[in-house]
């Protein structure tokens with residue numbers, strides 16, 4: 058039989074859950090859309106460019122399988138061919154099994170986005186050859202393992218397409234962004250954007266995630282929460298002061314939601 062102390066502890070936990078759990082609205086999700094907040098915080102954020110995406114490209118991302126669109130010359134992009142080479146080397150498939158008929162089937166369904174590629178190449182050139190991509194909310198961090206650099210660093214459109222096509226995070230943006238919202242009147246955003254941000258070699262140990270409630274900074278955590286950096290303990294107070302000052306100077310009271 059539960060003790061009085063145990064019951065009190067349970068009630069305390071329930072009250073805490075009720076205090077910090079709240080129904081998320083579509084409006085709150087939209088306020089976190091990159092294209093919504095970036096213009097306001099552009100001066101204190103990484104350089105970025107926002108490219109509207111056509112529905113055809115969203116359909117391509119939603120399709121099963123990992124394959125790259127043809128380039129603007131109507132030719133398969135390099136990873137499309139590399140994928141075939143990987144099968145030839147690393148599996149028991151023989152070249153006969155990857156026959157011309159299969160290749161023709163794949164070719165027939167491969168789309169092409171020359172206008173989008175042209176815009177991407179322009180941004181890459183503007184940002185000195187290196188960018189990292191995201192959609193309205195998420196970056197394809199879960200797919201970094203598939204890229205040549207093992208990171209989100211991209212130097213051409215095919216790098217970007219491969220990351221987006223391979224990412225569950227991106228799929229969530231497209232198909233499940235409003236899934237847990239109350240009073241849902243729509244199931245997905247009307248428009249999607251490709252965000253290209255200038256690549257910087259940031260130190261994972263010095264990236265932090267902040268939590269705000271009622272316009273007050275209530276918690277700070279490592280973004281790389283799976284790694285222990287022993288030196289952070291020595292500079293904990295200094296980091297806290299720097300982050301708090303930044304929040305009060307640039308963020309507090311300016312975001313469209315208080316929490």
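Numbering (this note's numbering), first residue to last: 58 to 316. Think of the CB as a built atom: it goes at the ideal place given N, C-alpha and C, for glycine as much as any other residue.
Leaving aside the five residues before and after residue i along the sequence, list all residues of the same chain whose C-beta is less than 7 angstroms from its C-beta, in chain order.
| i | result |
| --- | --- |
| residue 110 | 249, 250, 251 |
| residue 195 | 226, 227, 229, 230 |
| residue 80 | 239 |
| residue 272 | 309, 310, 315 |
Within a Cβ cutoff of 6 angstroms, which residues of the same chain sit near residue i, ignoring the five residues on either side of it in sequence?
| i | result |
| --- | --- |
| residue 140 | Only weak support exists for where residue 140 lies, its pLDDT of 43 falling under 50; the value from the coordinates is given anyway. So no residue of the chain qualifies. |
| residue 275 | 268 |
Let me check understanding here. Comparing Cα to Cα, which of the options lies closest to residue i?
| i | options | result |
| --- | --- | --- |
| residue 82 | 126, 235, 208 | 235 |
| residue 178 | 253, 192, 297, 198 | 253 |
| residue 126 | 173, 238, 195, 188 | 173 |
| residue 168 | 112, 94, 298, 201 | 112 |
| residue 181 | 106, 199, 204 | 106 |
| residue 200 | 313, 193, 216 | 216 |
Just to confirm, does residue i get its C-beta within under 7 angstroms of one of the non-hydrogen atoms of the ligand HEM?
| i | result |
| --- | --- |
| residue 311 | What this structure holds is no ligand at all, so the ligand HEM is not there to describe. |
Once DSSP output is grouped into helix, strand and coil, what is the label at residue i?
| i | result |
| --- | --- |
| residue 92 | helix |
| residue 292 | coil |
| residue 169 | strand |
| residue 103 | coil |
| residue 123 | coil |
| residue 192 | coil |
For residue i, which residues from the same chain have a beta carbon less than 8 angstroms from its beta carbon, with the 5 sequence-adjacent residues on both sides left out?
| i | result |
| --- | --- |
| residue 261 | 280, 281, 284 |
| residue 197 | 190, 191, 209, 220, 221, 223, 224, 226, 227 |
Below 8 angstroms, can you find three or more Cβ-Cβ pairs linking the region 237-249 to the region 217-229? At 8 angstroms Cβ cutoff, the stretches do not touch.
Does the region 94-112 come close enough to the region 228-247 that 3 or more CB-CB pairs lie under 8 angstroms? With the cut-off at 8 angstroms, the region 228-247 and the region 94-112 do not touch.
Determine, using beta-carbon pairs with one atom in the region 270-290 and one in the region 110-127, whether at least three such pairs fall under 8 angstroms. No, the region 270-290 is not in contact with the region 110-127.
Fully enclosed by the region 203-284, which alpha helix (DSSP H) runs are 4 residues long or longer? Listed in chain order, the alpha helix (DSSP H) elements of length 4 or more contained wholly in the region 203-284 are 214-223, 225-232.
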